[in-house]
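Here's the structure we're looking at; comments come further down.
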Ligand code: E4P
């Protein structure tokens, strides 16, 4: 499973990138607003650092403007993925933009039917939102499993990009189901390392080591 980082925070991306943890980046209008930066400026900086796909989202509601915005965003760098919403206009924009050879991420996917339409429209990625479904007492992970099954049934090439990830557990669950990609905030990726038995084990080893009076360096 590929790891995308869901943020427009340059320093946070850099820290994970130096560890080889960043296969790509996803942003959205809320994340750009949170960064307080100009969308083109910050996205260019991300693309200069990360060679994998970097999603940048359109904000128009009609397909014509969405396509124009997508073309404009695609000028930022070759690794830009144009993100469009899973609406009828978004699907139209997806069809046109992928037809031009551009990568498209169809976002805000909340049902298997929506994911089928995204694949039919030629999406490079579809982004089912796990956390926001969980917030409604639904199981976001069930949606990932349904889409995996359907895409495998018909050899759809659209990659499942598990999004709205809120916990380290979401990461391993998405990987078990076979999501192609998971995009998570940096703090969630960092939490994946945590285990109390690791901390306890390390504490025990260091205590015993101190008794030896030895040094490695
Ligand atoms: C995905 O591309 C979105 O940017 C993101 O995962 C949304 O997550 P949220 O539901 O935590 O805002």
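Numbering (the UniProt record's numbering), first residue to last: 1 to 217.
All C-beta atoms in this analysis are idealised placements derived from N, C-alpha and C, irrespective of residue type, glycine included.
Only counting the same chain, and skipping five residues up and downstream in sequence, which positions put a Cβ closer than 7 Å to that of residue i?
i	result
residue 17	49, 50
residue 151	119, 158, 160
Is any non-hydrogen atom of ligand 1 found closer than 7 Å to the C-beta of residue i, if you look at the structure I gave you?
i	result
residue 124	no
residue 107	yes
residue 132	yes
residue 23	no
residue 3	no
residue 163	yes
residue 129	yes
residue 98	no
residue 31	yes
residue 6	yes
residue 28	yes
residue 183	yes
Can you tell me the Cα-Cα spacing of residue i and residue j, whole angstroms?
i	j	result
residue 149	residue 203	44 Å
residue 70	residue 83	8 Å
residue 143	residue 160	11 Å
residue 91	residue 11	33 Å
residue 79	residue 72	13 Å
residue 133	residue 122	24 Å
Check residue i in the structure and name its three-state DSSP category.
i	result
residue 114	helix
residue 63	helix
residue 205	helix
residue 178	coil
residue 213	coil
residue 27	coil
residue 76	coil
Leaving out five residues before and five after residue i in sequence, what residues of the same chain have Cβ atoms less than 8 Å from its Cβ?
i	result
residue 145	177
residue 191	167, 168
residue 218	Since the first residue shown for the chain is 1 and the last is 217, residue 218 is missing from the structure and cannot be characterised.
residue 22	3, 4, 5, 13, 16, 50, 52
residue 98	104, 121, 122, 123, 124
residue 46	8, 10, 13, 25, 27, 54
Got a sec? Which residues, its chain only, sit under 6 Å from residue i by beta carbon, not counting five neighbours each side?
i	result
residue 180	159, 160
residue 58	66, 69, 70, 84
Between which two residues does the alpha helix (DSSP H) harbouring residue i extend?
i	result
residue 15	10-18
residue 103	Premise fails: residue 103 lies in the beta strand (DSSP E), 103-109, not in any alpha helix (DSSP H).
residue 140	140-154
residue 126	Careful: residue 126 lies outside any alpha helix (DSSP H), inside the beta strand (DSSP E) at 125-128.
For ligand 3, any of its heavy atoms closer than 7 Å to the Cβ of residue i?
i	result
residue 55	Judged by which ligands are present, ligand 3 is missing from the structure shown, whose ligands are ligand 1.
What residue does the beta strand (DSSP E) around residue i start on, and which one ends it?
i	result
residue 2	2-6
residue 161	159-162
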